[in-house]
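Colleague: Residue numbers (this note's numbering), protein chains in the order written: chain A, 389 to 501; chain B, -12 to 101. Note that beta-carbon positions come from the ideal geometry of N, C-alpha and C, so glycine has one too.
#1: If we count Cβ pairs, one from each stretch, closer than 8 Å, do we get three or more for the stretch 397 to 409 of chain A versus the stretch 70 to 79 of chain B?
#2: Going by beta carbon distance, what residues of the same chain come within less than 6 Å of residue 41(B), once the five residues before and after it are set aside?
#3: On the DSSP bridge assignment, give the partners of residue 411(A) in chain order.
#4: Relative to the C-alpha of residue 401(A), which candidate in 476(A), 482(A), 470(A), 429(A) has its C-alpha closest?
#5: Report the residue from 499(A), 397(A), 423(A), 483(A) whose alpha carbon sits nearest the alpha carbon of residue 542(A).
#6: So, helix, strand or coil for residue 429(A), using DSSP?
#7: Following a CB-centred definition, is residue 467(A) positioned closer than 7 Å to any heavy atom of the ligand HEM?
#8: Whole angstroms are fine: how far does the CA of residue 446(A) sit from the CA of residue 458(A)?
#9: Check the C-beta distance from residue -10(B) over to residue 9(B) and give it rounded, since I have them as a contact under 8 Å.
#10: Once you ignore the five residues that flank residue 417(A) on each side, which residues in its own chain have a CB closer than 7 Å to its CB?
Rendered as structure tokens:
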């Protein structure tokens, strides 16, 4: 079974703090993604990566950065957290041969106060 | 205008009912189409792909109408376990982003009542 894990299920941070969200997948997938999910807005792509050290902006990259130093790990960084970044963050991965099938982690509920 | 639009629902149907969801997409050059399912407080998972010829998986039937730019999902003989949010997903490969990138609708919520 493909497993995508995220470092925290729930996180509470203060405005202005630097926040790291970690994601690890164990199936040697080339592609990894970070989404945020908000009621009424659905899943929105923040960043994705199709190879180590490669990254591409998604639809809403502002206020975020990412790092992919190893194939299995994809980190999302909020340089200076703001209250409008309170959301559910979902990491996903996929294999190039079946790129349409993304496997998601359980999500991190981030609250910025 | 959103690239992928769905009626958010909720759809509340009795067990055994047939229910259908539609989804529209804005870019006529979209390449491929899927339905994902997301249970309450869980992560999304691929339910099925959608082909122009239509495809069926047990009680689930998916259809694509390229001329009208909509995708449908039909669930027959609804079960309590079908209660979930159904996400319409489009791949805009060649238009924006890459073959690896998917665009998700905001989902249609289904509750099957006993």
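Modeller: Reading it off the structure:
#1: no
#2: 50
#3: 394(A), 462(A)
#4: 470(A)
#5: A query on residue 542(A) cannot be resolved here, the shown segment of chain A reaching from 389 to 501 and no further.
#6: coil
#7: Absent from the structure shown: the ligand HEM. Ligands present: none.
#8: 20 Å
#9: Actually they are not in contact, since the Cβ atoms of residue -10(B) and residue 9(B) sit about 15 Å apart, beyond 8 Å.
#10: 481, 482, 483
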